[in-house]
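Before any comments, here is the structure.
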Amino acid sequence: MAMTVFSASGLGMLVMAGFLALAAVAQLNDPDPLVWMAAYGLPAVLTLWTCITDIGKGAQCVKAIHW
Numbered sequence: 001m002a003m004t005v006f007s008a009s010g011l012g013m014l015v016m017a018g019f020l021a022l023a024a025v026a027q028l029n030d031p032d033p034l035v036w037m038a039a040y041g042l043p044a045v046l047t048l049w050t051c052i053t054d055i056g057k058g059a060q061c062v063k064a065i066h067w
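Numbering (full-length UniProt numbering), first residue to last: 1 to 67.
Put into structure tokens, the structure is as follows:
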């Protein structure tokens with residue numbers, strides 16, 4: 001049986017990636033949306049990528065515990 005656990009730092013990274021993604025979408029009304037969507041979207045993607053790959057070993061988003 002496996003149990004999924006969210007680490008506190010990983011959960012924080014997921015929340016930040018979500019907020020940055022929402023900020024990128026909100027820039028659609030801006031006169032120059034591509035610049036600001038890239039400015040908010042790139043950190044969102046990098047945060048999520050760091051969270052789900054081995055780069056963030058100390059702050060993995062989801063860890064499976066096998067009993």
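Every residue gets a Cβ at the ideal spot worked out from N, C-alpha and C, and that includes glycine.
C-alpha gap between residue i and residue j, whole angstroms
i          : j          : result
residue 24 : residue 31 : 13 Å
residue 66 : residue 28 : Per-residue confidence for residue 66 stands at a pLDDT of 49, beneath the threshold of 50, marking its modelled position as unreliable; no derived number is given.
residue 51 : residue 18 : 12 Å
residue 94 : residue 49 : No statement about residue 94 is possible, as the shown extent of the chain runs from 1 to 67 and does not include it.
residue 12 : residue 38 : 21 Å
Residue range of the alpha helix (DSSP H) that includes residue i
i          : result
residue 33 : 33-52
residue 22 : 8-26
Buried versus exposed call for residue i [16 or more other C-beta atoms within 10 Å across all chains shown]
i          : result
residue 10 : buried
Sub-8 Å separation of residue i and residue j beta-carbons
i          : j          : result
residue 21 : residue 44 : yes
residue 53 : residue 16 : no
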